[in-house]
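For the sequence shown, position 93 matches number 738 in the numbering used here, and the numbering has no gaps at all. Cβ coordinates follow ideal geometry from the N, Cα and C atoms, glycine included. Let me begin by presenting the structure, written as structure tokens, before commenting on it.
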Amino acid sequence: MAKSITTNNICPMALGINVLSGKWKLQILWNIYNKKVIRFNELQRSLGNITTKTLTDQLKELEEQQIIKRTVYPEVPPKVEYTFTDIGLTLEPVLKALCDWGTQYSQSLNMP
646 MAKSITTNNI CPMALGINVL SGKWKLQILW NIYNKKVIRF NELQRSLGNI
696 TTKTLTDQLK ELEEQQIIKR TVYPEVPPKV EYTFTDIGLT LEPVLKALCD
746 WGTQYSQSLN MP
């Protein structure tokens, strides 16, 4: 079940954090951003230790929040692809900025 998102009288920062918070959401979004279109198994492999249930739940939340779009093709075996919605695409500068910040932060700590 997706987190309920209410927009009444909520700080825009709190709304953004509410939508993007989740154990794997930012990594999921980063992978979709980099691939543009990605299938479930490819996404799961790229994330490493994420369970099928967790990935399914996080994707469902992002879809219900209209950040990503799930496209099911009528094939056997089923083919499902994930892409950004128009509103999801507006996260591009946020994701890039977070990646840039992470790079700068790791360099400031002399991390590889």
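What residues in its chain sit with their C-beta under 7 Å from that of residue i, if we drop five residues either side in the sequence?
i, result
"glutamine 703", "Gly667, Trp669, Lys670, Ile673"
"glycine 733", "Ile712, Ile713"
"methionine 658", "none"
"asparagine 654", "none"
Cutting at 8 Å between CB atoms, please list the residues of its own chain near residue i, excluding the five before and the five after it.
i, result
"valine 717", "Pro723, Lys724, Val725"
"leucine 692", "Trp669, Gln672, Ile673, Asn676, Leu700"
Measure the CB-CB distance between residue i and residue j and report whether it falls below 7 Å.
i, j, result
"valine 739", "glutamine 710", "no"
"leucine 688", "asparagine 676", "yes"
"glutamate 706", "arginine 715", "no"
Rounded to whole angstroms, what's the CA-CA distance from residue i to residue j? Just pull it up for me.
i, j, result
"methionine 646", "asparagine 755", "Only weak support is given to the placement of methionine 646: the predicted model assigns it a pLDDT of 48, under 50, and the value that follows is read from those uncertain coordinates. Approximately 40 Å between the Cα atoms of the pair."
"aspartate 745", "glutamate 737", "12 Å"
"cysteine 656", "leucine 700", "28 Å"
"alanine 763", "proline 719", "The first residue shown for the chain is 646 and the last is 757, placing residue 763 beyond what the model contains."
"glycine 747", "serine 753", "10 Å"
"arginine 690", "valine 721", "21 Å"
Taking 6 Å as the limit between beta carbons, can you name the residues of its chain near residue i, skipping five residues before and five after?
i, result
"phenylalanine 685", "Val725"
> Between the stretch 716-728 and the stretch 680-695, do at least 3 Cβ pairs fall closer than 8 Å?
Replying inline: The stretch 680-695 and the stretch 716-728 touch, with three or more beta-carbon pairs separated by less than 8 Å.
> Which ranges does the alpha helix (DSSP H) cover as unbroken runs of at least 4 residues, wholly within the stretch 664-740, from first to last along the chain?
Replying inline: List check, alpha helix (DSSP H) in window: 670-680, 685-692, 697-709, 731-734.
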